[in-house]
Amino acid sequence: MIRRVGRPGLLGTMARTAVIAGTAGAVNRSMNRAANNREQTQADAQAYREQQAAPPPAPSGGDDVIAQLDRLAQLHAAGALNDAEFAAAKAKLLG
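Residues in the sequence shown are numbered from 1 upward in steps of one, following UniProt numbering.
The following block contains the structure:
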């Protein structure tokens, strides 16, 4: 069989074109995926910064417990509650 020298034939040109097109498509998909990952990372970082900048929520019911303990102490001081009742009510509030 004699080998041709020079330009490739029709099948060679088609094969080369298919390889180039496939490589270009793979590179394009890879670059798009990297860009999407970069955007997602930036969005996650921004959400984290916003979360860290937000003031911490106030403890719920903290003032109510203190107010109730003050009220119990006043009732105990006035003699309306004995020591055992005061200790039980305080344990119930704190526990």
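No residue lacks a Cβ here, since even glycine has one placed at the ideal position from N, Cα and C. Treat the numbers as computed from the prediction; the structure is a model and nothing was measured.
In terms of Cβ geometry, Ala89 and Leu81 form a close pair [threshold 8 Å]. If you check the CB distance, Leu93 and Gln74 do not come in under 8 Å.
Going by DSSP, Val5 is part of no alpha helix (DSSP H) at all; its letter is neither H nor E.
DSSP, reduced to helix, strand and coil, places Gly95 outside both helices and strands of the structure shown, so it counts as coil. Counting other Cβ atoms within 10 Å of its Cβ, Leu11 stays below 16 and is therefore classed as exposed.
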